[in-house]
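In this note's numbering, the protein residues as written are 1277 to 1725. Each residue gets a CB set at the ideal place from its N, CA and C atoms; glycine is no exception.
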Amino acid sequence: MPLTTFSPELLAPAGDMSRLDAVLRYGADAVYLGGTEMNLRAGAAGFTPEALGTALAKARRCGARVYCCVNALPYEHQLETVRATLERLAQPFSCNQQTLEPHWRDDTLPDTTENSIDGLIIADPGVLRMARRIAPHIPVHMSTQANTANSESAAFWRDMGASRLNLARELGAADIRAIMRAVPDVEYETFVHGAMCLAVSGRCLLSAWMNDRPANLGQCTHPCRFDYRTAGLAASDAEPDHAGIELDVEERTRAGAPAWTVTQDSGWSHIWSPHDLCLVRYLRWFAVQGVAALKIEGRMKTAGYAAQVVDVYRTAVDDLAAGRFRPALYMRELCNTATRPLSSGFFLPRGRRRTWQAASSGHRLPLVARTGRRLSAGSWEMAVLAPWQCDRPVEILVPGLKRPLLQPQHCRVENHRGETARQVHPGTSAILHCDHPDLAPGLFLRACT
């Protein structure tokens, strides 16, 4: 019996075409991406009009939707760039199917197809006003940067023409429920996984102040993730090579009660770095409330990271519909992908907050390769992602959290010189000779314990 009758949309990041392919392959219902301007991820190349046409064609092939970010907070001199961006996004994008890899083509469609984006993700009220004038036919989704944290703000954005609101990550379960009940005639989405920001909904000035790279224009250098230590501490006393020191920090008005714990590794500390958000255990709650979309952060993360996280959340959402739930399995997979501790964030009351430790670098199972084209029966083009010991078993990351093993005695790896290899190196290509029935284009292979 289903654990819920409502299935939220799973919304995944697509920082480039490789990442888009990965999240679609592992089950995203929708993707969010940016063009080459004003998309709050200046470090990502973004999608040109031609690439966006290809992305839309691939998404339609999978029955997925595409939302385009125009969520930077522009200055006056950037308004013409915003206008030009919106005018281009208001038009359909074409794609010639013959330019797609064979497994993305749809023989039932004409060679050239045209598709339009399904929504604009916007943060600035001025950009919203321009979008309603230039592209009134495209739904507007308010970004987390809009910091929608109460029902009056939700009603305001609804009245201004927004059809979906991304609620602030600083909200707890009670606040989310209250806002949705007070303003029910609009869709809501919430972040359920990924990086959290030191500032309110990402509106941070650290990067601009320290490095002249404004986060609100998509140029954040993430100084909150840097390592710090007390500059005046003598080297002989600091023990810079001593790892694993934890220091409880008190606040002046609450002396005697630790406000937080600073962890030091190799003499340096992450003073400002928040944990990563992880709400997979609470997906049934979101479904029961009727949250329209569950959003995963990570347009700057690797395709492999995005694929693994999407696989977990896709499986968890499908499990709810199938009447089962396997939180231990989900957390084991997510802790393997994480590089920082995972946390329930602000979702639970302070006294009930949960934290899970990421797998240490020595125990993390790396992705060693990704399948490309099928060259012939039982032969696959492979992109090597990490040192691959070909005489050891690896597991195929099959969507649905299925992890069948490839045993070395049943396959052969050929390096770029055409030689049978015992090891291949990252950044090179290889050919995998194996007739395992679960192999398919776009799947990742992972080392085993």
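Task: K1571 - DSSP class collapsed to helix/strand/coil - done: Sequence index remark: in the sequence shown, residue 1571 carries index 295 (1-based). Strand, per DSSP.
Open item on the list: Here's the rule I'm using: 16 or more other beta-carbon atoms within 10 Å means buried, otherwise exposed. How should Q1584 be labelled?
Closed with: The count along the sequence shown starts at 1 and reaches residue 1584 at position 308. Buried: at least 16 other Cβ atoms inside 10 Å.
Task: Buried versus exposed, by CB contacts within 10 Å (16 or more), P1278 - done: For this step, residue 1278 is matched to residue 2 along the sequence shown. By the 10 Å Cβ count, P1278 comes out exposed.
- [ ] Give me the Cα-Cα distance between P1460 and G1648, rounded to the nearest whole angstrom.
- [x] Locating residue 1460 in the sequence shown gives position 184, where the first residue counts as 1. Locating residue 1648 in the sequence shown gives position 372, where the first residue counts as 1. Going by the C-alpha atoms only, they are around 45 Å apart.
Task: Classification of S1652 by the beta-carbon crowding that lies within 10 angstroms, buried from 16 upward - done: Looking up residue 1652 in the sequence shown gives position 376. Label assigned to S1652: exposed.
Open item on the list: Less than 8 Å between the C-beta atoms of Q1699 and W1656, yes or no?
Closed with: Translated into positions along the sequence shown, residue 1699 becomes position 423. Translated into positions along the sequence shown, residue 1656 becomes position 380. No, Cβ-Cβ distance for Q1699 and W1656 is not below 8 Å.
TODO: With L1719 as the anchor, note down where its beta strand (DSSP E) starts and where it stops.
DONE: In the sequence shown, counting from the first residue as 1, residue 1719 sits at position 443. Premise fails: L1719 is in no beta strand (DSSP E) and is neither H nor E.
TODO: Assign M1436 to one of two classes, buried (16 or more other C-beta atoms within 10 Å of its C-beta) or exposed (fewer than that).
DONE: What you label residue 1436 is simply residue 160 of the sequence shown in a count that begins at 1. An exposed status is given to M1436, since fewer than 16 other beta-carbon atoms sit within 10 Å of its beta-carbon.
TODO: With a threshold of 16 other CB atoms inside 10 Å of the CB of T1330, please say whether the residue is buried or exposed.
DONE: In the sequence shown, residue 1330 corresponds to position 54, counting from 1. Buried, because 16 or more other Cβ atoms sit within 10 Å of the Cβ of T1330.
- [ ] Report the rounded CA-to-CA distance for P1713 versus G1494, giving the unit in angstroms.
- [x] For this step, residue 1713 is matched to residue 437 along the sequence shown. For this step, residue 1494 is matched to residue 218 along the sequence shown. Each residue's Cα considered, the two are about 43 Å apart.
- [ ] Return the chain-ordered ranges of every beta strand (DSSP E) run that is complete within the segment 1308-1372 and spans a minimum of 3 residues.
- [x] 1341-1346, 1369-1372
Open item on the list: I'd like the list of long-range same chain contacts for F1282, defined as Cβ closer than 8 Å, with 5 residues on each side in sequence excluded.
Closed with: Mapped onto the sequence shown, residue 1282 falls at position 6. Result list for F1282: A1563, V1564, G1566, in chain order.
- [ ] Give the C-beta separation of C1611 and A1635 to the nearest angstrom, bearing in mind that I take them to be a contact with Cβ-Cβ under 8 Å.
- [x] The residue labelled residue 1611 in the question sits at position 335 within the sequence shown. The residue labelled residue 1635 in the question sits at position 359 within the sequence shown. C1611 to A1635, Cβ: 5 Å. Contact.
TODO: On a CA-only basis, which of L1328, L1355, I1398 is nearest E1390? Give me that one, please.
DONE: As a first step, residue 1390 must be located in the sequence shown, where it is residue number 114. Among L1328, L1355, I1398, the Cα nearest to that of E1390 is on L1328.
Open item on the list: Buried or exposed, going by whether 16 or more other CB atoms sit within 10 Å of the CB of C1724?
Closed with: Start at 1 with the first residue of the sequence shown, and residue 1724 comes out as number 448. Classification of C1724: exposed, given that the 10 Å Cβ count is below 16.
Task: Sequence-distant residues of the same chain with beta carbon closer than 7 Å to A1425, five excluded per side - done: Within the sequence shown, the letter at position 149 stands for residue 1425. Only A1444, E1446, L1447 meet the Cβ criterion.
Open item on the list: Quick check on the burial criterion: 16 or more other C-beta atoms within 10 angstroms. Buried or exposed for Q1374?
Closed with: What you label residue 1374 is simply residue 98 of the sequence shown in a count that begins at 1. Looking at its Cβ environment, which holds fewer than 16 other Cβ atoms inside 10 Å, Q1374 is exposed.
- [ ] Determine the contact status of P1224 and A1662, defining contact as a CB-CB distance below 8 Å.
- [x] The first residue shown for the chain is 1277 and the last is 1725, placing residue 1224 beyond what the model contains.
Open item on the list: Spatial neighbours of A1288 within its chain, please: C-beta separation below 7 Å, excluding the five flanking residues on both sides.
Closed with: Counting from one through the sequence shown, the residue named residue 1288 turns up at place 12. Excluding positions up to five away in sequence, the list reads V1299, A1304, V1307, I1572, A1582, V1586.
Task: Supposed contact pair M1472 and D1552 - C-beta distance, whole angstroms, cut 8 Å - done: By one-based count along the sequence shown, residue 1552 stands at place 276. By one-based count along the sequence shown, residue 1472 stands at place 196. Contact holds; Cβ gap of about 7 Å.
Task: Extent of the continuous alpha helix (DSSP H) run through F1467 - done: Numbered from its first residue, the sequence shown carries residue 1467 at position 191. Looking at the DSSP string, F1467 is not in any alpha helix (DSSP H); the run it does join, the beta strand (DSSP E), is 1463-1471.
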